[in-house]
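One structure below.
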């Protein structure tokens, strides 16, 4: 099927499959029970989020935008500082 898609689309989807397989392998299995791409509730169109379910484990994977790691790191730093301050206040 990939042979029928334009080259750019074939590279994109092929790259996504390769990335998913690497993640699954790192999690300890190459044979998940199910890999499902999630869809928008509003219109049923798929988006770049996948749920991987096997044995007793479930993982949800999301393709991140270029700017998202910075946002998440900033958020985690703030939450960490607030958590430390809160712990000190109740000690």
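Residue numbers (the numbering used here): 1 to 91. Every residue gets a Cβ at the ideal spot worked out from N, C-alpha and C, and that includes glycine.
Alpha-carbon to alpha-carbon, residue j and residue i
i, j, result
"residue 55", "residue 36", "15 Å"
"residue 45", "residue 71", "26 Å"
"residue 81", "residue 69", "18 Å"
"residue 88", "residue 78", "15 Å"
Nearest-angstrom beta carbon gap, residue j and residue i [assumed within contact, 8 Å]
i, j, result
"residue 47", "residue 38", "7 Å"
"residue 34", "residue 53", "5 Å"
"residue 98", "residue 50", "This structure cannot settle anything about residue 98, because the visible part of the chain is limited to 1 through 91."
Under the three-state DSSP convention, the category residue i falls into
i, result
"residue 34", "strand"
"residue 65", "coil"
"residue 58", "strand"
"residue 91", "coil"
Exposure label - residue i; buried when at least 16 CB within 10 Å
i, result
"residue 84", "exposed"
"residue 86", "exposed"
"residue 4", "Low confidence applies here, because residue 4 scores a pLDDT of 45, under 50, leaving its location unreliable and the question unanswered by this model."
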